[in-house]
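Enquirer: Please see the structure below; I have some questions.
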Amino acid sequence: MYDVAVVEDEDLARKAIALSLRGAGYRVHEASDALACRALLRQTRLDVVVLDLGLPGVDGLSFARELRDQSDIGLIIVTRRSDPEGRIAALDLGADDYLVKPVHYGELAARIRSVMRRAGRDRRRRKVLGQWIVDLDARTVSRGGESARLTRGEFDILARLMQADAKIVSRQELLSVISRSPLDADLRSVDVLVSRLRRKLDHLDGDSLIATAPGFGYRLVAAPAEP
Ligand code: CA
């Protein structure tokens, strides 16, 4: 089931859109402003955000830009502006689609289906790892609107571990993934990168995503899942 957030400050409009989308089979989360949507993004893996541009506080356009910069979430913008400049501004921000108020509910549901179809095609090499989505093509690791900033070496180690599912990968093998020449062939650099990965990806209070096989190597605690 797809998770859709409806970000709109007008209660009646938001509830009406949410009701219609629930009827269309989506799990719907409501947010009355950008702050509430940011909180949602931390808790839930959202597939699509339906974003009203007329918001109090952080305005819709800058929030749209923030969403786009930080994630590849489906983004559908809703606005009162019907002029071409408004549409162009929304699409230039990287919105996947654009609707002018008053929203036709059937049309909105159809736009969401279309965004999800395109995303399904584009996101084949995406895997779920714990709370994270790892995009092996874009080389990004994200969770809601937040992304983990991994260095090349950190990402390469993670990708190699994911390739092995939850089987052990030797430190030697991991070293070969990250070292460009025999000169920087120091097994301890693997340990350093793994500990940085843990720092960036693990919950402070939770179990690590990466387990140590003492004296041998590392493995993922659980195999990556399909999104
Ligand atoms: Ca509004």
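Under our numbering, the first residue of the sequence shown is numbered 345, with each subsequent residue one higher. All C-beta atoms in this analysis are idealised placements derived from N, C-alpha and C, irrespective of residue type, glycine included. Please read all numbers here as calculations on a predicted model, not as lab measurements.
According to DSSP, simplified to helix, strand and coil, what is residue 449?
Expert: Correct three-state label for residue 449: helix.
Enquirer: Assuming the contact rule is C-beta atoms closer than 8 Å, residue 569 and residue 485 should be a hit. Round their C-beta distance to whole Å, please.
Expert: Not really, about 15 Å apart at Cβ, beyond 8 Å.
Enquirer: Locate the alpha helix (DSSP H) running through residue 505, then write down its first and last residues.
Expert: Residues 496 to 507.
Enquirer: Select from 505, 391 and 433 the residue whose C-alpha is nearest the C-alpha of residue 460.
Expert: Checking every option, the nearest Cα to that of residue 460 belongs to 391.
Enquirer: Going by the CB atoms, is the gap between residue 377 and residue 613 shorter than 9 Å?
Expert: The structure shown does not extend to residue 613, since the chain spans only 345 to 571, so no value can be given for it.
Enquirer: Classify residue 499: buried if its beta carbon has 16 or more other beta carbons within 10 angstroms, exposed otherwise.
Expert: Burial call: buried.
Enquirer: Counting Cβ pairs closer than 8 Å, one from the stretch 506 to 522 and one from the stretch 551 to 570, do we hit at least three?
Expert: Verdict: yes, contact present.
Enquirer: Any heavy atom of ligand 1 closer than 8 Å to the CB of residue 354?
Expert: At least one heavy atom of ligand 1 is nearer than 8 Å to the Cβ of residue 354, so yes.
Enquirer: Using a Cβ-based criterion (distance less than 8 Å to any ligand heavy atom), does residue 450 qualify as near ligand 1?
Expert: No, Cβ of residue 450 sits at least 8 Å from all heavy atoms of ligand 1.
Enquirer: Using a threshold of 9 Å, state whether the C-beta atoms of residue 515 and residue 560 are closer than that.
Expert: Closer than 9 Å, so yes.
Enquirer: Flag residue 489 as yes when its Cβ comes closer than 8 Å to any non-hydrogen atom of ligand 1, and as no otherwise.
Expert: No, the beta carbon of residue 489 sits no closer than 8 Å to any heavy atom of ligand 1.
Enquirer: Do residue 474 and residue 411 have their C-beta atoms within less than 9 Å of each other?
Expert: No, Cβ-Cβ distance for residue 474 and residue 411 is not below 9 Å.
Enquirer: Buried or exposed: where does residue 421 fall if 16 or more other Cβ atoms within 10 Å of its Cβ makes it buried?
Expert: When all chains shown are included, residue 421 counts as buried.
Enquirer: In its own chain, which residues sit with a C-beta less than 7 Å from the C-beta of residue 380, not counting the 5 before and 5 after it?
Expert: Nothing meets the Cβ criterion.
Enquirer: Which residue from 408, 445 and 440 puts its Cα closest to that of residue 424?
Expert: Answer by Cα proximity: 445.
Enquirer: Start and end of the beta strand (DSSP E) containing residue 374?
Expert: Residue 374 -> beta strand (DSSP E) spans 371 to 375.
Enquirer: Please report the Cβ distance between residue 497 and residue 537, rounded to the nearest whole angstrom; I am assuming they are in contact, meaning their Cβ atoms lie under 8 Å.
Expert: At roughly 5 Å, the Cβ-Cβ gap stays under 8 Å, so residue 497 and residue 537 are in contact.
Enquirer: State the Cα-Cα distance for the pair residue 448 and residue 393, rounded to the nearest angstrom.
Expert: About 17 Å.
Enquirer: Just the C-alpha distance for residue 355 and residue 363, rounded to the nearest angstrom, thanks.
Expert: The straight-line gap from Cα to Cα measures roughly 12 Å.
Enquirer: Thinking C-alpha only, which one of 440, 383 and 552 is nearest residue 408?
Expert: Among 440, 383 and 552, the Cα nearest to that of residue 408 is on 440.
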